[in-house]
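Each residue of the sequence shown is one higher than the last, beginning at 0 in numbering that gives the first Met the number 0. For glycine and all other residues, C-beta sits at the position ideal for the given N, C-alpha and C. Data first, discussion second: the structure below is written as structure tokens.
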Amino acid sequence: MPPPQIPPPLRPRPSRFRQLLGSKALLMLVAMPAGLLLGLLAAQSLVPVFQQGRGDQAASLPGGFRGWLNSEGQTILLLGTDVGGGNTDVIALIKVEEGVTDVVQIPRDSYIEAETYGPIKINALYALGGIDAVKQEVSTHMGRSIQHYIVINLAAVRQLGDLLGGLEINVPKRMEYVDNSQGLNIDLQPGLQTLKGTDLEGFLRFRHDEAGDIGRIERQQLALRALFTKLGRPETLVRLPAVLVMMGKQVQTDMGPMDLGGMVTAIGGTQLQTKQLGGRPFDQNGISYWEADWPQPIEASQSTDSTDSTFKDSGEKQSSEKYGDETYSREKYNDEKESLRQPRGESPGKSTSERFLF
Numbered sequence: 000m001p002p003p004q005i006p007p008p009l010r011p012r013p014s015r016f017r018q019l020l021g022s023k024a025l026l027m028l029v030a031m032p033a034g035l036l037l038g039l040l041a042a043q044s045l046v047p048v049f050q051q052g053r054g055d056q057a058a059s060l061p062g063g064f065r066g067w068l069n070s071e072g073q074t075i076l077l078l079g080t081d082v083g084g085g086n087t088d089v090i091a092l093i094k095v096e097e098g099v100t101d102v103v104q105i106p107r108d109s110y111i112e113a114e115t116y117g118p119i120k121i122n123a124l125y126a127l128g129g130i131d132a133v134k135q136e137v138s139t140h141m142g143r144s145i146q147h148y149i150v151i152n153l154a155a156v157r158q159l160g161d162l163l164g165g166l167e168i169n170v171p172k173r174m175e176y177v178d179n180s181q182g183l184n185i186d187l188q189p190g191l192q193t194l195k196g197t198d199l200e201g202f203l204r205f206r207h208d209e210a211g212d213i214g215r216i217e218r219q220q221l222a223l224r225a226l227f228t229k230l231g232r233p234e235t236l237v238r239l240p241a242v243l244v245m246m247g248k249q250v251q252t253d254m255g256p257m258d259l260g261g262m263v264t265a266i267g268g269t270q271l272q273t274k275q276l277g278g279r280p281f282d283q284n285g286i287s288y289w290e291a292d293w294p295q296p297i298e299a300s301q302s303t304d305s306t307d308s309t310f311k312d313s314g315e316k317q318s319s320e321k322y323g324d325e326t327y328s329r330e331k332y333n334d335e336k337e338s339l340r341q342p343r344g345e346s347p348g349k350s351t352s353e354r355f356l357f
């Protein structure tokens, strides 16, 4: 009688990110020489939602991914969190349609009356209620259902800059600020320079000037453009495997490999339109807020005829936030909620309303 057959041990199931890497590797072998496509695919995967109209340079993935983009389009919520993971320093809503990708960046100081938490800044939602709370309120205020989300820790941008040897950015002004609670020590001179490490993080997070949060949004756009330029250089390709591994640890999303591949494919051939949600600043008890012009159901989309990929100039001066860059807490939420129940004091100046409806 032959000895019983012992089945081989089960192989451990690969992690989701390793599965994603495996899927990408297969696509590379199918589509074109592995080294070149790795660079193209990695560059798209890292910053697909902000790709600056580079559809002619985008890698084309197999047709099986093309079913991701349906006739209604796909809407993605993008959040960029600070080092502590509590504050959402970047809040953007992206709609991908045939031929067009629209990105609307929502100022983090935007005042909302949340269904669960009452009057509050929109950037407090993630710390208080997680991704579900943010999705619910952004969907309600923007008038769109949200199919997917991506959460990126802004520390990843600093690490990415280090891996790529720094980003070349023309710093527009003198920047100086210290916050020991956040480990921030910003000391930058104006002019063209290569930023990496803590200098790059400081540039992305600085908001302590007359422009406040609006100025920070504009500086983040400068850094993203520098990142795209860096990723497009041939000498960057050899560093991209390390970049992919690093990003797998810093990105949270509800999309699997097939969805991510579909998103990359869909966005690759579109024209990008980026906008900032219009509005005006106001102060309440020494705390600054942004009274956003949320989309209106009638004629709201008629002012979105610009195809320029730069942010709209706010034309306003916004005071610094009382709480600086500290992580949002329940106590601060309660303090702000109480202050907002009192009559508001409007900041002087011209309204910068610009409404968007996808």
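Closest by C-alpha distance to Leu-203, out of Pro-233, Leu-166, Lys-120, is Leu-166. Apart from the 5 residues on each side of it in sequence, Met-174 sits with its Cβ closer than 6 Å to the Cβ of Ile-185, Leu-187, Phe-205 in its chain, given in chain order. The three-state secondary structure of Trp-289, taken from DSSP, is strand.
For Leu-271, there is no enclosing alpha helix (DSSP H); the residue is part of the beta strand (DSSP E) that begins and ends at 270-275.
The straight-line gap separating the alpha-carbon atoms of Gln-283 and Ile-111 is approximately 14 Å. Excluding its 5 nearest sequence neighbours in each direction, Gly-79 has C-beta neighbours in its own chain below 6 Å: Asp-88, Val-89, Ile-151, Leu-153, listed in chain order.
When rounded, the separation of the alpha-carbon atoms in Leu-259 and Glu-96 is 15 Å. Around the beta carbon of Asn-179, fewer than 16 other beta carbons sit within 10 angstroms, so the residue counts as exposed.
Non-local beta-carbon contacts of Gly-129 in its own chain, meaning distances under 8 Å to residues more than five positions away in sequence, are absent. The C-beta distance from Thr-74 to Ile-93 rounds to 7 Å, short enough to meet the 8 Å contact threshold.
Look at the stretch 66-144 and you find these whole runs of alpha helix (DSSP H), each 4 residues long or longer: 124-141. Looking at Met-141, Ala-91, Lys-248, the one whose alpha-carbon comes closest to that of Thr-273 is Ala-91. Annotation: Gln-192 to Glu-114 spans about 45 Å, alpha carbon to alpha carbon.
The straight-line gap separating the alpha-carbon atoms of Val-102 and Val-237 is approximately 30 Å. Asp-131 sits exposed, since fewer than 16 C-beta atoms from the chains shown fall within 10 Å of its C-beta.
Counting every other CB atom within 10 Å of its CB across the protein chains shown gives Pro-233 a total below 16, marking it as exposed.
With respect to the 8 Å criterion, Ala-222 and Ile-266 are not classified as neighbours on the basis of their beta carbons. Membership of Gly-201 in the alpha helix (DSSP H) is indicated by the continuous run 196-204. Of Asp-108, Asp-81, Gly-117, Tyr-116, the smallest CA-CA separation from Ile-286 is found for Asp-108. DSSP places Val-150 in the uninterrupted beta strand (DSSP E) bounded by 147-152. Residue pairing for Asn-184: DSSP places it in a beta bridge opposite Val-177. For Arg-215, the three-state secondary structure derived from DSSP is helix.
Just measuring C-alpha positions, the residue of Gly-142, Asn-122, Lys-120, Tyr-148 sitting nearest Val-250 is Tyr-148. Under DSSP, Gly-190 shares a beta bridge with Val-170. Membership of Gly-278 in the beta strand (DSSP E) is indicated by the continuous run 278-283. The residues His-147, Ile-149, Met-262, in chain order, have a CB closer than 8 Å to that of Met-254 in the same chain once the five nearest residues on each side in sequence are set aside. The beta carbon of Ser-144 sits closer than 7 Å to those of Thr-74, Ser-138, all from its chain and outside the five residues before and after it, given in chain order.
DSSP, reduced to helix, strand and coil, places Gln-251 within a strand of the structure shown.
The C-alpha of Lys-195 lies about 41 Å from the C-alpha of Ser-70. By the neighbour-count definition (other C-beta atoms within 10 Å, threshold 16), Pro-189 is an exposed residue. Shown here, Arg-232 sits in coil according to DSSP, grouped into three states, outside any helix or strand. Residue environment for Gly-164: exposed (fewer than 16 other C-beta atoms within 10 angstroms of its C-beta). In the three-state DSSP reduction, Leu-163 falls in the coil class, being neither helix nor strand.
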